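Here the structure is laid out as C-alpha coordinates; the discussion comes afterwards.
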Amino acid sequence: MAIPPNRHQIQAVGQQFVIDSEYEYVKDLGQGAYGCVIAARHRRSGEGCAIKKITNINSKRILTKRCLREIRLLHHFRGHKNITCLYDMDIIFDVHGDFHEVYCYEELMEADLHAIIRSGQPLSDAHFQSFLYQTLCGLKYIHSANVLHRDLKPGNLLVNADCELKICDFGLARGLKAPPVGAANQGGFMTEYVATRWYRAPEIMLSFANYSTAIDVWSIGCILAELLGGKPIFKGREYVIFGPSATRPHH
-18 MAIPPNRHQI
-8 QAVGQQFVID
2 SEYEYVKDLG
12 QGAYGCVIAA
22 RHRRSGEGCA
32 IKKITNINSK
42 RILTKRCLRE
52 IRLLHHFRGH
62 KNITCLYDMD
72 IIFDVHGDFH
82 EVYCYEELME
92 ADLHAIIRSG
102 QPLSDAHFQS
112 FLYQTLCGLK
122 YIHSANVLHR
132 DLKPGNLLVN
142 ADCELKICDF
152 GLARGLKAPP
162 VGAANQGGFM
172 TEYVATRWYR
182 APEIMLSFAN
192 YSTAIDVWSI
202 GCILAELLGG
212 KPIFKGREYV
222 IFGPSATRPH
232 H
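For the sequence shown, our numbering begins at -18 and goes up steadily by one.
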(Lines of atoms letter the chains of each structure in order from A and count residues from 1; the text may use other names and numbers.)
(Lines give C-alpha, C1' and ligand atoms only; values in the text may rest on other atoms or scores of the structure.)
Protein backbone atom coordinates (compact mmCIF):
# COMPACT_ATOMS: atom_id res chain seq x y z
CA MET A 1 0.00 0.00 0.00
CA ALA A 2 1.36 3.40 -0.98
CA ILE A 3 1.65 5.87 1.90
CA PRO A 4 -0.44 8.99 1.18
CA PRO A 5 1.15 12.44 1.46
CA ASN A 6 1.49 13.87 4.97
CA ARG A 7 1.15 10.40 6.52
CA HIS A 8 3.65 8.03 8.07
CA GLN A 9 3.51 4.35 8.93
CA ILE A 10 4.11 2.90 12.37
CA GLN A 11 3.91 -0.56 13.94
CA ALA A 12 1.50 -0.71 16.88
CA VAL A 13 -0.90 -3.19 18.51
CA GLY A 14 0.60 -5.87 16.29
CA GLN A 15 -0.28 -4.20 12.99
CA GLN A 16 0.47 -1.26 10.71
CA PHE A 17 -0.98 2.18 11.40
CA VAL A 18 -0.92 4.95 8.79
CA ILE A 19 -1.38 8.20 10.68
CA ASP A 20 -1.05 11.93 10.15
CA SER A 21 2.59 13.02 10.12
CA GLU A 22 1.73 15.68 12.69
CA TYR A 23 1.27 12.93 15.29
CA GLU A 24 3.86 10.69 16.92
CA TYR A 25 3.15 7.33 18.52
CA VAL A 26 3.13 7.14 22.33
CA LYS A 27 1.78 3.72 23.35
CA ASP A 28 -0.78 1.01 22.67
CA LEU A 29 -4.15 1.46 24.39
CA GLY A 30 -6.05 -1.66 23.45
CA GLN A 31 -7.57 -3.92 20.85
CA GLY A 32 -11.08 -5.21 20.28
CA ALA A 33 -13.16 -7.12 17.77
CA TYR A 34 -13.76 -4.04 15.61
CA GLY A 35 -10.48 -2.19 15.83
CA CYS A 36 -7.53 -1.12 17.92
CA VAL A 37 -6.47 2.10 19.64
CA ILE A 38 -3.17 3.84 20.27
CA ALA A 39 -2.18 6.98 22.14
CA ALA A 40 -0.43 9.65 20.08
CA ARG A 41 0.88 13.16 20.62
CA HIS A 42 0.67 16.18 18.34
CA ARG A 43 4.25 17.16 17.53
CA ARG A 44 3.77 20.92 17.74
CA SER A 45 1.14 21.39 20.44
CA GLY A 46 2.03 18.34 22.54
CA GLU A 47 -1.66 17.55 22.92
CA GLY A 48 -2.54 13.89 23.41
CA CYS A 49 -4.91 12.05 21.12
CA ALA A 50 -6.40 8.56 20.89
CA ILE A 51 -6.27 7.14 17.35
CA LYS A 52 -8.73 4.35 16.70
CA LYS A 53 -8.12 2.17 13.66
CA ILE A 54 -11.23 0.46 12.29
CA THR A 55 -10.35 -2.34 9.89
CA ASN A 56 -12.13 -4.63 7.41
CA ILE A 57 -15.09 -2.30 7.23
CA ASN A 58 -16.00 -3.50 3.74
CA SER A 59 -15.76 -7.22 4.55
CA LYS A 60 -19.23 -7.33 6.10
CA ARG A 61 -22.15 -4.97 5.79
CA ILE A 62 -22.65 -4.92 9.56
CA LEU A 63 -19.08 -3.65 10.06
CA THR A 64 -19.60 -0.90 7.50
CA LYS A 65 -22.81 0.18 9.24
CA ARG A 66 -21.16 0.10 12.64
CA CYS A 67 -18.30 2.31 11.48
CA LEU A 68 -20.61 4.83 9.81
CA ARG A 69 -22.94 4.86 12.81
CA GLU A 70 -20.15 5.58 15.27
CA ILE A 71 -18.67 8.42 13.20
CA ARG A 72 -22.05 10.07 12.61
CA LEU A 73 -23.07 9.90 16.27
CA LEU A 74 -19.72 11.08 17.64
CA HIS A 75 -19.92 14.04 15.26
CA HIS A 76 -23.53 14.71 16.30
CA PHE A 77 -22.75 14.60 20.04
CA ARG A 78 -19.53 16.56 19.77
CA GLY A 79 -19.25 19.20 22.46
CA HIS A 80 -20.99 17.48 25.36
CA LYS A 81 -18.65 17.23 28.33
CA ASN A 82 -19.61 13.64 29.15
CA ILE A 83 -19.28 12.20 25.64
CA THR A 84 -15.90 11.55 24.06
CA CYS A 85 -14.95 14.10 21.40
CA LEU A 86 -14.15 13.15 17.81
CA TYR A 87 -11.46 15.55 16.60
CA ASP A 88 -11.01 14.27 13.07
CA MET A 89 -11.13 11.17 10.88
CA ASP A 90 -9.02 9.81 8.05
CA ILE A 91 -9.68 7.28 5.30
CA ILE A 92 -6.75 5.46 3.72
CA PHE A 93 -7.23 4.36 0.10
CA ASP A 94 -5.18 1.71 -1.66
CA VAL A 95 -3.72 1.96 -5.18
CA HIS A 96 -7.02 0.75 -6.66
CA GLY A 97 -9.03 3.48 -4.97
CA ASP A 98 -10.61 1.10 -2.45
CA PHE A 99 -10.49 1.63 1.28
CA HIS A 100 -10.59 -0.83 4.16
CA GLU A 101 -9.27 1.30 7.02
CA VAL A 102 -10.72 4.29 8.82
CA TYR A 103 -8.88 6.22 11.52
CA CYS A 104 -10.75 8.21 14.16
CA TYR A 105 -8.79 10.85 16.08
CA GLU A 106 -10.51 11.13 19.44
CA GLU A 107 -10.09 12.70 22.84
CA LEU A 108 -7.46 10.90 24.95
CA MET A 109 -8.45 9.71 28.42
CA GLU A 110 -6.15 8.05 30.95
CA ALA A 111 -8.28 5.01 31.85
CA ASP A 112 -11.74 3.47 31.84
CA LEU A 113 -13.98 2.30 34.66
CA HIS A 114 -13.16 -1.34 33.93
CA ALA A 115 -9.46 -0.71 34.61
CA ILE A 116 -10.24 1.38 37.69
CA ILE A 117 -12.49 -1.30 39.20
CA ARG A 118 -9.98 -4.07 38.45
CA SER A 119 -7.11 -2.06 39.96
CA GLY A 120 -8.63 -2.39 43.42
CA GLN A 121 -7.83 1.21 44.31
CA PRO A 122 -10.17 2.52 47.01
CA LEU A 123 -13.00 4.74 45.82
CA SER A 124 -15.01 7.05 48.05
CA ASP A 125 -18.74 7.70 48.02
CA ALA A 126 -17.92 10.98 46.27
CA HIS A 127 -16.29 9.00 43.44
CA PHE A 128 -19.34 6.75 43.09
CA GLN A 129 -21.70 9.71 43.03
CA SER A 130 -19.58 11.66 40.55
CA PHE A 131 -19.16 8.75 38.13
CA LEU A 132 -22.87 7.93 38.27
CA TYR A 133 -23.94 11.55 37.85
CA GLN A 134 -21.65 12.14 34.86
CA THR A 135 -22.79 8.92 33.20
CA LEU A 136 -26.43 9.90 33.63
CA CYS A 137 -25.75 13.40 32.27
CA GLY A 138 -24.20 11.93 29.14
CA LEU A 139 -26.96 9.36 28.78
CA LYS A 140 -29.67 12.00 29.16
CA TYR A 141 -28.11 13.93 26.29
CA ILE A 142 -27.95 10.79 24.14
CA HIS A 143 -31.55 9.84 24.89
CA SER A 144 -32.74 13.40 24.27
CA ALA A 145 -31.60 12.89 20.67
CA ASN A 146 -33.72 9.69 20.51
CA VAL A 147 -30.63 7.49 20.41
CA LEU A 148 -29.99 4.28 22.35
CA HIS A 149 -26.37 3.52 23.19
CA ARG A 150 -27.02 -0.23 23.64
CA ASP A 151 -23.51 -1.12 24.86
CA LEU A 152 -22.94 0.68 28.14
CA LYS A 153 -20.33 -1.08 30.28
CA PRO A 154 -17.35 -0.03 32.43
CA GLY A 155 -14.96 -0.37 29.47
CA ASN A 156 -16.97 2.21 27.52
CA LEU A 157 -16.83 4.84 30.28
CA LEU A 158 -13.53 6.71 30.00
CA VAL A 159 -12.02 8.61 32.94
CA ASN A 160 -9.14 11.08 33.19
CA ALA A 161 -6.92 12.12 36.09
CA ASP A 162 -9.46 14.75 37.18
CA CYS A 163 -12.18 12.06 37.41
CA GLU A 164 -13.98 13.50 34.42
CA LEU A 165 -16.02 10.74 32.77
CA LYS A 166 -16.99 10.42 29.12
CA ILE A 167 -19.11 7.84 27.29
CA CYS A 168 -17.49 6.27 24.23
CA ASP A 169 -18.05 3.57 21.57
CA PHE A 170 -21.26 4.23 19.65
CA GLY A 171 -20.80 1.33 17.24
CA LEU A 172 -23.93 -0.46 18.49
CA ALA A 173 -26.02 2.67 19.04
CA ARG A 174 -29.09 3.35 16.96
CA GLY A 175 -31.87 5.84 16.58
CA LEU A 176 -35.16 5.48 18.38
CA LYS A 177 -38.23 6.79 16.62
CA ALA A 178 -39.98 9.26 18.85
CA PRO A 179 -43.51 8.06 19.80
CA PRO A 180 -46.57 10.29 19.43
CA VAL A 181 -47.33 12.51 22.41
CA GLY A 182 -48.94 10.43 25.14
CA ALA A 183 -48.01 7.10 23.54
CA ALA A 184 -45.73 4.49 25.06
CA ASN A 185 -42.15 4.46 23.86
CA GLN A 186 -41.92 1.10 22.12
CA GLY A 187 -38.88 1.76 19.99
CA GLY A 188 -39.87 -0.21 16.91
CA PHE A 189 -38.32 -3.47 15.74
CA MET A 190 -34.74 -3.90 16.84
CA THR A 191 -32.10 -6.60 16.84
CA GLU A 192 -31.50 -8.74 19.93
CA TYR A 193 -27.73 -9.04 19.96
CA VAL A 194 -26.75 -5.81 21.65
CA ALA A 195 -24.91 -4.99 24.87
CA THR A 196 -22.32 -7.12 26.59
CA ARG A 197 -24.16 -9.97 28.31
CA TRP A 198 -23.35 -8.96 31.90
CA TYR A 199 -24.99 -5.57 31.36
CA ARG A 200 -27.83 -6.70 29.12
CA ALA A 201 -31.40 -5.86 30.14
CA PRO A 202 -33.93 -8.70 30.69
CA GLU A 203 -36.08 -7.62 27.74
CA ILE A 204 -33.13 -8.14 25.41
CA MET A 205 -32.35 -11.57 26.86
CA LEU A 206 -36.02 -12.46 26.39
CA SER A 207 -35.63 -11.48 22.74
CA PHE A 208 -38.24 -8.75 22.88
CA ALA A 209 -38.11 -6.85 19.59
CA ASN A 210 -39.58 -3.69 21.12
CA TYR A 211 -37.42 -2.08 23.76
CA SER A 212 -36.75 1.44 24.93
CA THR A 213 -34.26 3.72 26.64
CA ALA A 214 -34.76 1.58 29.76
CA ILE A 215 -32.15 -0.89 28.46
CA ASP A 216 -29.42 1.73 28.91
CA VAL A 217 -30.68 2.58 32.40
CA TRP A 218 -30.49 -1.11 33.34
CA SER A 219 -26.87 -1.20 32.15
CA ILE A 220 -26.02 1.80 34.33
CA GLY A 221 -27.56 0.04 37.33
CA CYS A 222 -25.29 -2.94 36.66
CA ILE A 223 -22.29 -0.62 36.39
CA LEU A 224 -23.13 1.09 39.70
CA ALA A 225 -23.46 -2.28 41.44
CA GLU A 226 -20.06 -3.28 40.05
CA LEU A 227 -18.51 -0.03 41.26
CA LEU A 228 -19.86 -0.62 44.76
CA GLY A 229 -19.12 -4.33 44.93
CA GLY A 230 -15.91 -4.52 42.92
CA LYS A 231 -17.21 -7.27 40.61
CA PRO A 232 -20.00 -7.74 38.04
CA ILE A 233 -23.37 -8.28 39.69
CA PHE A 234 -24.72 -10.58 36.96
CA LYS A 235 -21.59 -12.37 35.81
CA GLY A 236 -22.14 -15.42 33.61
CA ARG A 237 -21.06 -17.09 30.39
CA GLU A 238 -24.58 -17.72 29.13
CA TYR A 239 -28.20 -17.39 30.12
CA VAL A 240 -30.99 -19.95 29.95
CA ILE A 241 -34.53 -18.66 29.69
CA PHE A 242 -36.37 -21.90 29.01
CA GLY A 243 -35.49 -25.50 29.75
CA PRO A 244 -34.59 -27.89 26.91
CA SER A 245 -38.06 -29.44 26.83
CA ALA A 246 -39.99 -26.21 27.22
CA THR A 247 -41.57 -24.33 24.38
CA ARG A 248 -41.58 -20.59 24.11
CA PRO A 249 -44.98 -18.94 24.39
CA HIS A 250 -46.36 -17.08 21.44
CA HIS A 251 -47.09 -13.38 21.91
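From the three backbone atoms N, C-alpha and C, an ideal C-beta is built for every residue, glycine too.
Remember, it's a predicted structure, so these values are computed and weren't measured experimentally.
For ASN137, count the other beta carbons within 10 Å of its own beta carbon; 16 or more makes it buried, fewer makes it exposed. Which is it? buried
How big is the Cα-Cα spacing for ASN(-13) and GLU3? 8 Å
Mapping the DSSP letters down to three states, classify THR194 as helix, strand or coil. coil
Backbone secondary structure at PHE80 - three-state DSSP: strand
Are the beta-carbon atoms belonging to ALA21 and GLU5 less than 8 Å from one another? yes
To the nearest whole angstrom, what separates the beta carbons of SER111 and CYS66, a pair I think is in contact under 8 Å? Between CYS66 and SER111 the Cβ distance is about 20 Å, and since that is not below 8 Å, they are no contact.
If you pair each beta-carbon of the region 41 to 56 with each one of the region 74 to 94, do three or more pairs fall below 8 Å? yes
Mapping the DSSP letters down to three states, classify LEU208 as helix, strand or coil. helix
Ignoring anything shorter than 3 residues or poking outside the region 9 to 94, list the beta strand (DSSP E) runs there in chain order. 16 to 23, 29 to 36, 67 to 74, 80 to 87
Quick check: what's the CA-CA separation for GLY169 versus ALA190? Here GLY169 scores only 45 on pLDDT, less than 50, and its place in the model should not be relied on; the value that follows carries that caveat. Cα to Cα, GLY169 sits roughly 7 Å from ALA190.
Can at least three beta-carbon pairs, one atom from the region 191 to 207 and one from the region 109 to 127, be found at a separation below 8 Å? yes
Alpha carbon to alpha carbon, how far is LEU205 from GLY27? 35 Å
On the DSSP letters alone, give me the boundaries of the alpha helix (DSSP H) that ASP106 sits inside. 106 to 125
Do PRO135 and LEU94 have their C-beta atoms closer together than 8 Å? yes
For LYS247, count neighbouring Cβ atoms within 10 angstroms of its own Cβ and tell me buried if that reaches 16, exposed if not. The question about residue 247 has no answer here: the residues shown for the chain are numbered -18 through 232.
Would you kindly check if the distance between the Cβ of LYS34 and the Cβ of CYS48 is under 8 Å? no
Could you pull the DSSP bridge partners for GLN102 from this structure? Answer is none; GLN102 lacks a bridge partner.
Can you check whether the CB of ILE19 is closer than 8 Å to the CB of ILE32? yes
Looking at the unbroken beta strand (DSSP E) that takes in ILE(-9), where does it start and where does it end? -12 to -7
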